[in-house]
Amino acid sequence: MAQLLDVPATVAQPPAIRAVDVHKVYRTRHTEYHALRGATLDVARGEFLSIMGPSGSGKSTLFNMIGGLGKPTSGKVFIDEVDVAHLDHNELAWLRCRKIGYIFQSYNLIQVMTCLENVMLPMAFAGLDSDRAREKALLLLELVGLGHRPLHRPAELSGGQQQRCAIARALANSPSIVLADEPTANLDQKTGGEMIELLCRLRDELGVTVISATHDPKMLMRSDRVLWIADGKIVRSCTPAELKAEGGGHHG
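Here it is as structure tokens:
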């Protein structure tokens with residue numbers, strides 16, 4: 008499995024992601040909205056981090072900043088030691104394509120494409136030749152339990168199968184970081200549990216850094232660390248053991 012994502016053995020490496028005093032301000036002609044107010048965090052390589060926060064807390068904005076989907080108004084975000092503020096549009100797209108895999112709540116699969124074609128698409132963007140892309144895509148579909156359905160389109164799959172395909176697509180370019188936005192929200196409990204186990208395998212067997220925005224108690228319990236964000240600030244960090252000692256996945 009390790010050779011599939013080309014993840015080398017590493018010792019004492021710097022954080023996969025570092026955010027330093029990150030502020031994000033959205034401005035209109037008459038108003039200012041401070042979505043992030045000085046967020047600072049390190050995410051270790053191979054860590055499974057879950058981020059929680061109510062609507063309007065800044066959780067989605069933080070998720071976007073550390074995923075290279077936007078740039079902070081002030082402060083620094085480093086992805087694999089690269090300061091995203093210094094990257095132009097094309098450089099940032101290159102970084103996202105090769106360093107980060109994205110898993111979305113609504114799957115975001117291209118409906119007219121087969122599973123195989125969906126997984127091959129990021130490899131085409133990265134310039135991989137079609138034969139190698141096809142071979143790797145088939146291996147990834149096998150990895151996520153869809154080896155028997157490469158030619159099915161999303162409409163022919165269950166929600167859980169679509170999410171498996173989305174995970175395979177996220178792994179297409181051997182990312183060191185996977186960002187999962189509420190990956191179990193649209194799944195039943197059993198299927199959601201299977202998705203969590205698959206993400207844990209990526210961490211445990213491949214050393215992939217997994218960052219999830221979630222409210223799923225099962226995912227919180229399988230994470231290495233849980234962060235709470237409120238009013239644009241990271242207000243707490245704890246381990247699942249500490250969370251369990253307090254009686255579950257709710258923080259008051």
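First residue of the sequence shown? That's 8 in the numbering used here, and the numbers climb one at a time after it.
C-beta: ideal position from N, C-alpha, C; glycine also.
Owing to the predicted nature of the structure, the values given are computational and were not obtained by experimental measurement.
Between Leu206 and Ala187 a beta carbon distance of about 7 Å is seen, short of the 8 Å cut, so the two are scored as contacting.
Annotation for Asp211: the continuous alpha helix (DSSP H) segment containing it runs 196 to 213. With a cutoff of 7 Å on beta-carbon distance, Gly65 and Leu43 are scored as near each other.
Straight across, the Cα-Cα distance linking Cys172 with Pro190 is about 12 Å.
Annotation for Met59: the continuous beta strand (DSSP E) segment containing it runs 55 to 59. As DSSP reads the structure, Tyr114 sits in no beta bridge. Excluding residues up to 5 positions away in sequence, Asp49, Val50, Ala51, Arg52, Phe85 lie with their Cβ nearer than 8 Å to the Cβ of Pro22 in the same chain. A contact is defined here as three or more CB-CB pairs under 8 Å, and the stretch 195 to 210 meets this definition with respect to the stretch 222 to 233. It is roughly 7 Å from the alpha-carbon of Asp90 to the alpha-carbon of Lys83.
DSSP, reduced to helix, strand and coil, places Val84 within a strand of the structure shown.
Counting every other CB atom within 10 Å of its CB across the protein chains shown gives Pro61 a total below 16, marking it as exposed.
For Lys31, the uninterrupted beta strand (DSSP E) segment begins and ends at 24 to 34. Within the model, the alpha-carbon separation for Glu142 versus Leu56 is close to 31 Å. Beta-bridge partners of Asp49 (DSSP): Arg25. Within the same chain, Gln112 come within 6 Å of Ala192 by CB-CB distance, once the 5 residues on both sides are set aside. Residue pairing for Trp235: DSSP places it in a beta bridge opposite Met59, Arg243.
The DSSP-derived three-state label of Thr68 is helix.
Judged by DSSP in its simplified three-state form, Ala220 adopts strand.
Leu148 and Pro157 have their alpha carbons spaced roughly 7 Å apart.
When DSSP states are grouped into helix, strand and coil, His41 belongs to the strand group.
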